[in-house]
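Below is one structure; the comments refer to it alone.
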Amino acid sequence: METTTNKSDLKTDWIYSPAPESTDHIRINQRYDLFINGEFLLPEKEKYFETINPANEKKLADVAEADQADVNTAVTAARKAYENVWSKMDPAERGKYIYRIARLIQERAREFAVIETMDGGKPIRESRDIDIPLVSAHFFYYAGWADKLEYAFPGKQARSIGVAGQIIPWNFPLLMAAWKLAPALATGNTVVLKPAETTPLTAMKLAEIIQEADLPPGVVNIINGDGKTGRALVEHPGIDKIAFTGSTEVGKLIMKTVAGTGKRYTLELGGKAANIIFEDAAIDQAVEGIIDGIFFNQGHVCCAGSRLFVQESVAETVISKLKNRMETLIVGDPLDKNTDIGAINSKMQLDKIKMYVDIGLNEGGTVYQSSCKLPEKGYWHAPTLFTDVSQSHRIVQEEIFGPVLAVQTFRTVDEVITKANNTPYGLSGGVWTDKGAKIFKVSKAIRAGVLWANTFNKFDPSSPFGGYKESGMGREGGLEGLQPYVNLV
Ligand code: NAP
Ligand code: MG
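The sequence shown begins at 5 in the working numbering and counts up one residue at a time.
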């Protein structure tokens with residue numbers, strides 16, 4: 005494939021002045037304990053781990069590490085709250101608590117956005133305009149369902165399940181917590197939530213809000229730790245349902261652990277979405293969609309459009325425009341309001357991304373990276389694009405979870421459908437064309453939970469989200485998102 009664009013042609017000769025978001029109004033404690041039974045408790049072994057800001061490697065706080073005994077304390081508190089209070093409460097009353105949480109998050113949205121950006125590395129523009137507004141929207145949406153479950157499941161009675169163990173990743177820390185907590189609470193379940201090790205802070209701020217909202221003690225418990233803590237939660241006999249978002253590898257382990265135990269589970273796992281550009285698409289809009297699809301949140305997105313398929317007749321134009329646009333992306337201080345691409349979440353993730361770039365090169369791919377200057381401290385990766393790759397290449401098959409796009413071409417609709425489906429994953433995809441009929445044909449034929457047409461990465465609490473194949477099972481969001489938390493009788 006032609007890769008003739010000369011980098012010097014693309015450079016912009018002007019820069020934005022820095023516009024950093026202020027951190028004056030932010031309160032981060034030096035230490036966060038376990039949030040169990042409505043209180044902050046010391047962990048049994050009094051062990052703490054550090055959470056850092058990946059943009060400058062500075063420590064933000066010490067966070068309590070929950071071991072098996074702490075998991076047990078949390079599950080016991082959740083069980084008590086379930087049996088004595090929450091499952092018995094009038095659903096309209098439950099709704100009021102959830103509304104209160106939604107409103108308190110709205111009130112403190114700026115603080116939450118800044119802390120999300122500091123702890124995880126994502127640009128403030130995203131945490132401010134996408135993550136946090138969607139968090140409160142989710143709580144509002146499910147608060148509305150709390151007293152309307154009879155309409156959600158006509159002719160059936162929806163009964164709560166019990167205690168849900170919820171385990172979430174680091175890419176959308178508070179949003180994933182909201183996706184898990186809101187439907188569980190609305191349906192009358194109590195919860196033990198485990199955030200990811202590298203991004204515990206907004207969940208701990210949420211614990212403060214839960215206290216402020218006066219939620220009955222034990223209804224929501226939040227404990228931190230690494231994979232071991234997650235495993236202890238999955239294995240705990242007092243858990244009735246596991247809700248997990250994370251890697252396919254850990255998802256498979258969880259399936260094995262819960263097999264035969266009677267525990268319910270939902271798994272939201274990895275992805276390798278195809279973003280398909282037909283020759284009749286509005287090319288400039290499509291280029292924006294490709295950029296958003298793969299570079300949004302540093303590519304730390306399960307539904308990232310990490311495989312690009314461009315119809316051959318427009319491939320040269322699209323790739324050249326794409327490179328041009330990549331050059332203008334601002335990589336740097338996540339707290340700066342102009343930043344497009346922030347820090348990679350952790351050193352481990354950065355090493356993984358670099359490993360995949362090496363693999364791509366060794367397999368014969370041609371790499372293009374934007375010539376942005378990366379900060380010296382912290383974890384950074386330039387927007388990266390590979391051409392000259394094929395279906396069997398590992399960077400086409402495996403989830404990288406970083407700002408690395410693999411570009412392929414196609415000639416016919418049937419060819420691109422076959423290529424797009426040639427992956428173990430099935431979470432999301434995108435199609436760009438002027439023709440409605442083509443949208444319907446492609447979106448029906450692609451086995452993915454979400455398919456965006458002439459747009460990408462759009463989310464709404466009323467819209468279900470989830471995968472096929474190795475991208476998981478069960479849906480979160482919308483009416484469908486209530487189902488995993490109820491028994492229908
Ligand atoms: P991960 O390693 O699977 O971790 C996810 C969560 O599980 C973290 O809280 C982790 O704790 C915990 N965990 C690790 N090992 C465990 C075990 N054996 N038992 C129970 N819990 C365990 O995934 P990640 O690397 O943090 O997140 C990225 C992955 O999540 C990607 O594959 C991405 O596609 C997927 N994801 C999917 C969706 C979706 O909706 N489908 C959304 C977002 C992300 P630690 O943090 O301490 O390791
Ligand atoms: Mg951190």
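Beta carbons are placed, not taken as given, at the ideal position from N, Cα and C, and that holds for glycine.
Query: How would you write the range of the beta strand (DSSP E) that residue 247 sits in, first residue to last?; Result: 245-249
Query: Can the beta-carbon of residue 424 be found closer than 9 angstroms to that of residue 313?; Result: yes
Query: Which residue from 200, 220 and 70 puts its Cα closest to that of residue 105?; Result: 220
Query: In or out: residue 180 buried (at least 16 other Cβ within 10 Å) or exposed?; Result: buried
Query: Is it buried or exposed for residue 310, if we count other Cβ within 10 angstroms and need 16 for buried?; Result: buried
Query: My guess is that residue 353 and residue 406 are in contact by the Cβ rule of under 8 angstroms, so how many angstroms apart are they, rounded?; Result: 7 angstroms
Query: So the candidates are 178, 389, 476 and 475; which of them puts its Cα closest to the Cα of residue 362?; Result: 389
Query: Could you tell me the alpha carbon to alpha carbon distance between residue 322 and residue 458, rounded to whole angstroms?; Result: 15 angstroms
Query: Check the C-beta distance from residue 490 over to residue 165 and give it rounded, since I have them as a contact under 8 angstroms.; Result: 7 angstroms
Query: Please identify the residue among 440, 455 and 336 whose C-alpha is closest to the C-alpha of residue 380.; Result: 336
Query: Where does residue 113 sit, in a helix, a strand or coil, going by DSSP?; Result: helix
Query: Please state whether DSSP places residue 23 in a helix, a strand or coil.; Result: coil
Query: Using the beta-carbon count (16 or more within 10 Å), is residue 149 buried or exposed?; Result: buried
Query: Please check the pair residue 198 and residue 233, which I expect to be a contact at CB under 8 angstroms, by giving their CB distance rounded to whole angstroms.; Result: 6 angstroms
Query: Given a threshold of 16 other Cβ atoms within 10 Å of its Cβ, counted over all protein chains shown, does residue 488 qualify as buried or as exposed?; Result: buried
Query: Measure the beta-carbon distance from residue 65 to residue 35 and round it to whole angstroms, keeping in mind my assumption that it falls under 8 angstroms.; Result: 6 angstroms
Query: Counting only runs that start and end within the segment 239-309, where is the beta strand (DSSP E) found for 3 or more residues in a row?; Result: 245-249, 268-272 and 278-281
Query: Any heavy atom of the ligand MG inside 8 angstroms of the beta-carbon of residue 312?; Result: no
Query: So is residue 155 buried or exposed if we call it buried at 16+ other beta carbons inside 10 Å?; Result: exposed
Query: Taking Cβ to Cβ, would you say residue 435 is nearer than 9 angstroms to residue 411?; Result: no
Query: Of the choices 367, 419 and 383, whose alpha-carbon is the least far from that of residue 398?; Result: 367
Query: Just how far apart, CA to CA, sit residue 21 and residue 466?; Result: 39 angstroms
Query: Just the C-alpha distance for residue 448 and residue 329, rounded to the nearest angstrom, thanks.; Result: 31 angstroms
Query: Could you name the residues of the same chain whose beta carbon sits closer than 6 angstroms to that of residue 291, not counting the 5 residues immediately before and after it, in chain order?; Result: 325, 326 and 329
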